[in-house]
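These notes are about the structure you will find just below.
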Amino acid sequence: MAPDTPELLQAFFNKGVFRGTCPACMAPHNFAPAEFTSKTIAYTCPCGRSYSVLPLGLRGGQRKAVNLPGSLSGKPGKGPVRVPCLVRDISTKGIGVTLDTMNAEMAQTLQLRVKLDDAKKTALLLPCKVRRKQKTGSQLLLGLEFKQLDLDSQAALARYLG
């Protein structure tokens, strides 16, 4: 059903659901991420008010928390560098890592080597682009987006996350 008004409300992601509030009666409603097959969805509240909902914080894929050793390599300045890191979370779209050193630039392309803790101990070499960086104490937290994964890597990640 199409909304009666073009009003666009935001639903915030928390604990696996999006939570929105009706602008008319202020009743809360939970939306499952699977409901958002497009950027916005139409919703009609039991009070009769129709509106569109925009999800905030919707990820391209759900994260799996892990604790896997890995290494990042890139070419900052004079030549190739390989730095140990710890993979903290992984999804089909990207990965979160922490490391002790390295000055990674936003949008810099890196290679991540990691061995999964699956039955086969699958070794992956994943091209990534830096999308987020945050200093946490003496460590650097990087949010990396996968770039042009080969079919074998995509299949290995799908099995691991499935």
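Numbering-wise (this note's numbering), the sequence shown opens with residue 213 and increments by one.
Don't be surprised by glycine CBs; every beta carbon is placed ideally from N, CA and C.
Pick out whichever of the options has its Cα sitting closest to the Cα of residue i.
| i | options | result |
| --- | --- | --- |
| residue 373 | 235, 293 and 274 | 274 |
| residue 276 | 360, 334 and 328 | 328 |
| residue 311 | 239, 245, 304 and 346 | 346 |
| residue 301 | 295, 294 and 309 | 309 |
Could you tell me the boundaries of the alpha helix (DSSP H) in which residue i lies?
| i | result |
| --- | --- |
| residue 364 | 363 to 373 |
Counting only the same chain and skipping the five closest in sequence on each side, list residues whose C-beta sits under 8 Å from that of residue i.
| i | result |
| --- | --- |
| residue 332 | none |
| residue 360 | 339 |
| residue 261 | 216, 234, 235, 236 and 237 |
Between residue i and the rest of its own chain, which residues show a CB-CB distance below 6 Å, the 5 nearest in sequence each way excluded?
| i | result |
| --- | --- |
| residue 344 | 355 |
| residue 330 | 372 |
DSSP three-state call for residue i: helix, strand or coil?
| i | result |
| --- | --- |
| residue 246 | helix |
| residue 340 | strand |
| residue 267 | strand |
| residue 261 | coil |
| residue 301 | strand |
| residue 345 | strand |
Ends of the beta strand (DSSP E) at residue i?
| i | result |
| --- | --- |
| residue 276 | 276 to 286 |
| residue 323 | 321 to 327 |
| residue 236 | Note, residue 236: premise wrong, no beta strand (DSSP E); not H, not E. |
| residue 351 | 351 to 358 |
With a threshold of 7 Å on Cβ separation, who are the neighbours of residue i within its own chain once the five nearest residues in sequence on each side are excluded?
| i | result |
| --- | --- |
| residue 337 | 323 and 325 |
| residue 313 | 295 |
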